[in-house]
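Data block below; observations after.
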Amino acid sequence: MKAIAPYVVKFFISFLISVFLAPTLFSQEGGNNTYEALNLVTSARVAALSGNAISIKDNDIDLAWDNPSILNESMENHLVLNYVDYLADINYTSFIYSKSFSNLGSFSAGMKYLHYGTFKEADHTGEIIREFNAQDVVFNLGWGKGVSPILNLGKSNEKKLDSIFFVGGNLKLIYSNYHFDYSSFGIAIDLAGTYHNHKRNTTVAAIIKNAGIQIKPYTSKNREPLPFEIQLGISQKLKHAPFRLMLNAQHLERWDLTYTDPIETQSPLIPVEEDTLMFQKIGAKVSDFGDKLLRHTSFGTEIILSKNFHIRVGYNYQRQKELKISTKRGMSGFSFGLGFKVSKFHFSYGRTAFHLAGGTNHFSIRTSLDNFHATKTNEMPNPIID
Numbered sequence: 059m060k061a062i063a064p065y066v067v068k069f070f071i072s073f074l075i076s077v078f079l080a081p082t083l084f085s086q087e088g089g090n091n092t093y094e095a096l097n098l099v100t101s102a103r104v105a106a107l108s109g110n111a112i113s114i115k116d117n118d119i120d121l122a123w124d125n126p127s128i129l130n131e132s133m134e135n136h137l138v139l140n141y142v143d144y145l146a147d148i149n150y151t152s153f154i155y156s157k158s159f160s161n162l163g164s165f166s167a168g169m170k171y172l173h174y175g176t177f178k179e180a181d182h183t184g185e186i187i188r189e190f191n192a193q194d195v196v197f198n199l200g201w202g203k204g205v206s207p208i209l210n211l212g213k214s215n216e217k218k219l220d221s222i223f224f225v226g227g228n229l230k231l232i233y234s235n236y237h238f239d240y241s242s243f244g245i246a247i248d249l250a251g252t253y254h255n256h257k258r259n260t261t262v263a264a265i266i267k268n269a270g271i272q273i274k275p276y277t278s279k280n281r282e283p284l285p286f287e288i289q290l291g292i293s294q295k296l297k298h299a300p301f302r303l304m305l306n307a308q309h310l311e312r313w314d315l316t317y318t319d320p321i322e323t324q325s326p327l328i329p330v331e332e333d334t335l336m337f338q339k340i341g342a343k344v345s346d347f348g349d350k351l352l353r354h355t356s357f358g359t360e361i362i363l364s365k366n367f368h369i370r371v372g373y374n375y376q377r378q379k380e381l382k383i384s385t386k387r388g389m390s391g392f393s394f395g396l397g398f399k400v401s402k403f404h405f406s407y408g409r410t411a412f413h414l415a416g417g418t419n420h421f422s423i424r425t426s427l428d429n430f431h432a433t434k435t436n437e438m439p440n441p442i443i444d
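Per this note's numbering, the very first residue in the sequence shown carries number 59; after that it's consecutive.
Quick look at the structure:
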């Protein structure tokens with residue numbers, strides 16, 4: 059226990075340093091970063107829960123894309139395949155696989171492939187010269203391990219595992235190619251920590267995402283920043299009700315996530331000074347403290363009807379604020395889905411409502427390869443996480 063303590067302390071120190079330095083080093087907002095494919099949700103379960111589910115700690119290997127510290131031995135030999143019907147006829151696929159080693163921890167390997175379509179290149183006269191494809195590929199290597207068990211002796215002095223702290227990380231290699239002469243290669247890492255209290259069914263997780271650089275930029279001497287982000291999440295599985303509640307905080311590296319909307323000529327909170335001409339001056343959008351705070355939050359709920367059937371609902375405040383239409387709110391910002399088990403396979407579906415014009419559909423299928431061997435099984439519950 060004493061030997062492990064320094065590593066836990068070092069992790070928290072590194073995390074706090076990143077929180078304080080991030081606003082200075084990584085102050086870019088959405089639209090100013092490269093490799094946004096890193097932020098596209100792969101898991102149908104995560105998509106249904108507002109796009110953020112870092113604080114769920116069970117044997118779903120698909121969640122390790124976003125929080126590698128949840129990797130554990132219950133995911134041994136698990137494989138997940140994902141397919142996403144994205145916007146504008148774009149689709150992408152991914153897979154992730156896990157393997158555990160007793161002394162080293164649990165590892166995962168995965169790949170995300172995005173295909174943006176086939177395009178035609180023409181010369182100045184309009185004559186078609188050739189066709190080309192545009193795609194992004196992300197290779198992911200993850201690691202996670204429990205590092206500090208806390209023992210509860212109880213009334214009978216029997217040692218029981220009450221809670222545990224986990225750490226983990228992802229190494230991401232990104233290859234992007236949008237044209238024959240327009241490609242890029244980069245590298246990024248995630249650092250994550252998770253605290254799980256088995257007795258109270260409470261999980262708290264924190265992660266530093268996408269810290270990295272472009273090794274080869276699209277154009278020479280023009281390196282762009284990656285979509286760096288700090289997230290925090292907490293989930294609570296109710297003891298006497300079939301619910302798991304989640305609260306997530308994203309973009310903690312930057313307080314103000316609002317922006318100036320050039321379409322709106324007047325703020326609903328502070329009136330803009332009227333001009334003597336026919337037009338009014340366009341002012342910066344003013345949001346109160348509550349609005350700025352909620353833009354960092356998203357919420358999710360799992361309704362656990364049985365061990366083999368779950369219903370999921372999520373809400374993302376910032377997505378709703380930025381993509382809604384003032385005359386008709388619609389379902390922007392909301393997400394929903396379900397998960398169920400049939401034989402040896404877990405199936406999940408998630409739907410995210412971005413805009414009245416459309417949303418995204420996510421499909422996931424998960425299984426344990428050990429289920430196909432009569433002499434091995436990986437279906438026994440894990441006392442740490444169940």
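Note that the Cβ used here is the ideal one computed from N, Cα and C, for glycine as well.
Task: Rounded separation between SER49 and GLY372 - CA only - done: An answer regarding residue 49 cannot be provided, because it is not within the stretch 59 to 444 covered by the chain.
Open item on the list: Assuming contact is defined by CB atoms lying nearer than 9 Å, are HIS136 and SER426 in contact in what I supplied?
Closed with: yes
- [ ] Check each candidate in GLN294, SER364, ASP314 and TRP313 and name the one with the smallest Cα separation from LYS115.
- [x] GLN294
Open item on the list: Closer than 8 Å is the cut-off here; do at least three beta carbon pairs connect the region 192 to 199 with the region 166 to 178?
Closed with: yes
- [ ] Under 6 Å Cβ to Cβ from TRP123, same chain only, skipping five residues before and after it: list those, please.
- [x] Sequence-distant partners of TRP123 (beyond 5 residues in either direction) whose C-beta falls short of 6 Å from its own C-beta, in its chain, are THR100.
Task: From PRO300, ILE288, LEU249 and LEU296, residue whose alpha carbon lies closest to that of HIS309 - done: ILE288
- [ ] Would you be able to state if there are at least three C-beta pairs under 8 Å between the region 228 to 235 and the region 106 to 113?
- [x] Between the region 106 to 113 and the region 228 to 235, the count of Cβ pairs shorter than 8 Å is below three; the stretches do not touch.
Task: Strand pairing of GLN289, partner residues [DSSP] - done: ILE265
Task: Reduced DSSP category for GLN193 - H, G, I as helix; E, B as strand; rest coil - done: In this structure, GLN193 counts as strand in the three-state DSSP scheme.
TODO: Could you give the DSSP three-state label for ARG281: helix, strand or coil?
DONE: coil
- [ ] Spatial neighbours of PHE243 within its chain, please: CB distance less than 6 Å, with the 5 preceding and 5 following residues excluded, ordered by chain position.
- [x] The beta carbon of PHE243 is closer than 6 Å to those of TYR233, ILE273 and LYS274 in its chain, skipping five residues each way along the sequence.
Open item on the list: Quick check: VAL140 and SER152, are their CB atoms within less than 9 Å of each other?
Closed with: Rather than Val, the amino acid found at residue 140 in this sequence is Asn. Yes; because the gap between Cβ atoms is below 9 Å, this pair is in contact.
Open item on the list: Tell me the DSSP secondary structure of ILE247 in three-state form.
Closed with: Residue state, collapsed to three classes: strand.
Task: Cβ distance (whole Å) where TRP201 is taken to contact LEU96 below 8 Å - done: Going by Cβ atoms, the distance from TRP201 to LEU96 rounds to 18 Å, so no, they are not a contact pair.
Task: Through-space distance from LEU363 to SER241, alpha-carbon basis - done: 47 Å
Open item on the list: Rounded to whole angstroms, what is the Cα-Cα separation between LEU121 and SER390?
Closed with: Rounded to whole angstroms, LEU121 to SER390 spans 24 Å at the Cα level.
- [ ] Indicate whether SER127 and ALA307 have their beta-carbon atoms separated by less than 9 Å.
- [x] No, these two residues do not count as a Cβ contact at 9 Å.
TODO: Determine the closest residue to VAL400 out of PHE223, ASP349, HIS368 and HIS431, with distance taken between C-alpha atoms.
DONE: HIS368
TODO: Name, in chain order, the residues that DSSP records as bridge partners for ILE369.
DONE: ILE361 and LEU396
Open item on the list: Suppose the cutoff is 8 Å on Cβ atoms and the five residues either side in sequence are ignored; what does the same chain contact list for ALA63 look like?
Closed with: Legend: pLDDT at ALA63 = 46, less than 50; position of this residue unreliable, no value from coordinates given.
Task: Whole-Å CB distance - GLY358 paired with ALA111, under 8 Å assumed - done: 6 Å
- [ ] Could you work out which residue in ARG281, THR261, ILE154 and ALA146 is closest to MET304 when comparing CA atoms only?
- [x] Of the listed residues, the one whose Cα sits closest to MET304 is THR261.
- [ ] Starting from the C-beta of THR180, find all residues in its chain whose C-beta is less than 8 Å away, skip the five residues before and the five after it, and write them out in chain order.
- [x] The residue asked about is misnamed: residue 180 is Ala in this sequence, not Thr. Leaving aside the five residues that flank ALA180 on each side, the residues in its chain whose CB is nearer than 8 Å to its CB run, in chain order, ILE186 and ILE187.
TODO: Could you tell me if ARG387 is buried or exposed, where buried requires 16 or more neighbouring beta carbons within 10 angstroms of its beta carbon?
DONE: exposed
- [ ] Reducing DSSP to helix, strand and coil, say where GLU134 ends up.
- [x] coil
Task: GLU179: first and last residue of the uninterrupted beta strand (DSSP E) it sits in - done: 163 to 180
- [ ] Could you give the DSSP three-state label for TYR236: helix, strand or coil?
- [x] DSSP, reduced to helix, strand and coil, places TYR236 within a strand of the structure shown.
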